[in-house]
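Undergrad: The sequence shown runs 1 to 420 under the UniProt record's numbering. Glycine residues also receive a C-beta, built at the ideal position from the N, C-alpha and C atoms. Here the structure is a predicted model, which means the values were calculated and not measured. One structure is given below, represented as C-alpha cells, and several questions about it will come after.
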Amino acid sequence: MGRIYFCIDLKSFYASVECVERGLDPMTTNLVVADMERTDKTICLAVSPSMKALGVKNRCRVFQIPRNIPYIAATPRMQLYIQYSADIYEVYLKYFAKEDIHVYSIDEAFMDVTDYLPLYRMSPRELAFRIMEDIRKTVGVTAAAGIGTNLYLAKVALDITAKHAPENIGCLDEKQYRETLWSHRPLTDFWRIGCGTEKRLAGLGILTMGQVVQADEELLYRNFGVDAELLIDHAWGREPVTMQDIKNYRPRHSSLSSGQVLPRDYSYEEGELILKEMTDALCLELAEKRLAASVITLVVGYSNSLGMEAARGSVTMGSCTSSYKKILSRALELYGRITDRRYPIRRMNLSLGRLERESCRQLELFSDPAWEERERRLAGAALKIKKRYGKNALLRGMDLQAAGTAMERNRQIGGHKSGC
Numbered sequence: 001m002g003r004i005y006f007c008i009d010l011k012s013f014y015a016s017v018e019c020v021e022r023g024l025d026p027m028t029t030n031l032v033v034a035d036m037e038r039t040d041k042t043i044c045l046a047v048s049p050s051m052k053a054l055g056v057k058n059r060c061r062v063f064q065i066p067r068n069i070p071y072i073a074a075t076p077r078m079q080l081y082i083q084y085s086a087d088i089y090e091v092y093l094k095y096f097a098k099e100d101i102h103v104y105s106i107d108e109a110f111m112d113v114t115d116y117l118p119l120y121r122m123s124p125r126e127l128a129f130r131i132m133e134d135i136r137k138t139v140g141v142t143a144a145a146g147i148g149t150n151l152y153l154a155k156v157a158l159d160i161t162a163k164h165a166p167e168n169i170g171c172l173d174e175k176q177y178r179e180t181l182w183s184h185r186p187l188t189d190f191w192r193i194g195c196g197t198e199k200r201l202a203g204l205g206i207l208t209m210g211q212v213v214q215a216d217e218e219l220l221y222r223n224f225g226v227d228a229e230l231l232i233d234h235a236w237g238r239e240p241v242t243m244q245d246i247k248n249y250r251p252r253h254s255s256l257s258s259g260q261v262l263p264r265d266y267s268y269e270e271g272e273l274i275l276k277e278m279t280d281a282l283c284l285e286l287a288e289k290r291l292a293a294s295v296i297t298l299v300v301g302y303s304n305s306l307g308m309e310a311a312r313g314s315v316t317m318g319s320c321t322s323s324y325k326k327i328l329s330r331a332l333e334l335y336g337r338i339t340d341r342r343y344p345i346r347r348m349n350l351s352l353g354r355l356e357r358e359s360c361r362q363l364e365l366f367s368d369p370a371w372e373e374r375e376r377r378l379a380g381a382a383l384k385i386k387k388r389y390g391k392n393a394l395l396r397g398m399d400l401q402a403a404g405t406a407m408e409r410n411r412q413i414g415g416h417k418s419g420c
C-alpha cells in the first residue's frame, strides 16, 4: 500500500473566525475582513463563503464589491487568527504526531496519515471527516480536505475536487488525476502554477495538464529550466517529496527580512528614514535570536504610476555582525548606490543574509570587543523593555517623525492590525 496524505484547509478562515466571534453562521453571513480605515483600494483579506457564492472574489479590493450586496466589514485581528490556528493545530495533535504534520500556512496543513489508518480502523475519508467535525465543534470553523497518494495530489484534491464534492472532501490517486483533471482549465487552479506560468505555457500552445504531458520535454526545459522537471512530474500527478523529506530539510543559508508597502509615495530622504527603521527592527531580531549576518540585500520599488522596475542590490560585509551601527552604515551606502533620487518610492524590502550563530562568528582583527559587547547589552535591554511593555514602549527619535512607520507597524502582524 502506498502512502496517504491529507491536506486540510479552513474555509475563508479569517472571515469564518469573525463570524464565529459574532455568533453568526460563516456559511450564510455576508462578511468581509478588510481595514476600512484605509482607502477603498485596500485588499479584502477574506470574504465569507456566502459572499463568494454571490460572485465576490477572495482577495478583491473593497471598491470591487458590488454596491447592491450588503455585508459586515470586520477589521483584521491577526493575533486572534493566530490563536484560532493554534487551537486547530491542537486538534491535529489529538490524532497525529507533530512529525507527521506540516503546517503550510495559517489556515492549511498537510498530514501523512498512512500509519494511522490501521490504528483508528477508518478509511481515509472517514478519518478526514472526523477531524473536520472535531475542528467545527472545537472552534466553529468549517474545513475542507484533500486526500491523495502524494502531497501534490492531496493539495490538488483540496483545491479543485473538494469544492464540488459532498462533505467538502476530495480524493485523488494518479489514475483518477489523469482521468478527471488532464483536461481541466484554467491551469492556475493547479498548485504552483501562477498567471505568469500559465501565460508562458499558453504561448507554447499548452492549455491543460494533458497537453503538458504531450509536449516536447526539451521545449519545456528550454522555457522553464529546472522548473520543467517539477511541471512534468505534476502533470503526471507525481510528487517524490515525502513528509520525512520536509522534516529533514535544512536550508544551506538562512536570512531575516522585512518588507513594506508605504502608505503614499515617499521622497528619497523619507525612504532613507524607512530604511533606518527597518534596519533597527531587524538588528533587534538578530540580537533576540543571537544571530549575526554578513550579507545585506535591498529592494526599492518606485511609485506604481511610473511603471518602473524596482532597484535591487546586495553588499557583503567584512564579517558577520549584529551591530546596528555597522549594518546601518552599509545599508545606507547600498541605498545610495542603487536608488534613483529623482523618483518617488512606494515599496522597500530589506534582508540580512548568510546568518550564523553569534557565538560562532569570527572576530575582526581591528574590532573592539568591549564596544560590541556594550551594543549587545543595549539591544538586550531594549528587547526586555519591549517584551514587557510593548514594542512602542521604547522608540528611537526618528520613529516620531511624520514619515515614520515603525510605531504603526509595531501594532501590526504581517502588515495588518493585530487586534490587540
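(1) Just to confirm, is the Cβ distance from residue 293 to residue 378 under 8 Å?
(2) Looking at the unbroken alpha helix (DSSP H) that takes in residue 203, where does it start and where does it end?
(3) By the three-class DSSP mapping on this structure, what secondary structure does residue 416 have?
(4) Take residue 177 as the anchor and find which of 144, 223, 190, 323 has the nearest alpha-carbon.
(5) How close, in whole Å, do the beta carbons of residue 56 and residue 47 come, if the pair is a contact with beta carbons under 8 Å?
(6) Would residue 8 and residue 113 be called neighbours here (beta carbons separated by less than 8 Å)?
(7) With residue 174 as the anchor, note down where its alpha helix (DSSP H) starts and where it stops.
(8) Pull up the distance between the alpha-carbon of residue 221 and that of residue 213, whole angstroms please.
(9) Counting Cβ pairs closer than 8 Å, one from the region 110–129 and one from the region 80–99, do we hit at least three?
(10) What is the DSSP secondary structure of residue 299, counted as helix, strand or coil?
(11) With a threshold of 7 Å (Cβ to nearest heavy atom), would residue 117 be considered close to the ligand NAD?
(12) Is residue 320 buried or exposed, if buried means 16 or more other CB atoms sit within 10 Å of its CB?
(13) In whole angstroms, what is the alpha-carbon distance linking residue 23 and residue 135?
(14) Beta carbon of residue 208, beta carbon of residue 182: below 8 Å?
(15) Quick check for students: name the residue ranges of the alpha helix (DSSP H) that lie wholly in the region 212–248, counting only runs of 4 or more.
(16) So, helix, strand or coil for residue 5, using DSSP?
(17) How many angstroms separate the CA atom of residue 434 from the CA atom of residue 376?
(18) Given 8 Å as the limit, is there contact between the region 248–255 and the region 311–327, that is, 3 or more CB pairs closer than that?
TA: So, from the listed chains and residues:
(1) no
(2) 195–203
(3) strand
(4) 190
(5) 5 Å
(6) no
(7) 174–181
(8) 13 Å
(9) yes
(10) strand
(11) Looking at this structure, you won't find the ligand NAD or any other ligand, since it has none at all.
(12) buried
(13) 16 Å
(14) yes
(15) 217–224, 227–235, 243–248
(16) strand
(17) In the structure as shown, the chain starts at 1 and stops at 420, and residue 434 therefore has no counterpart that could be examined.
(18) no
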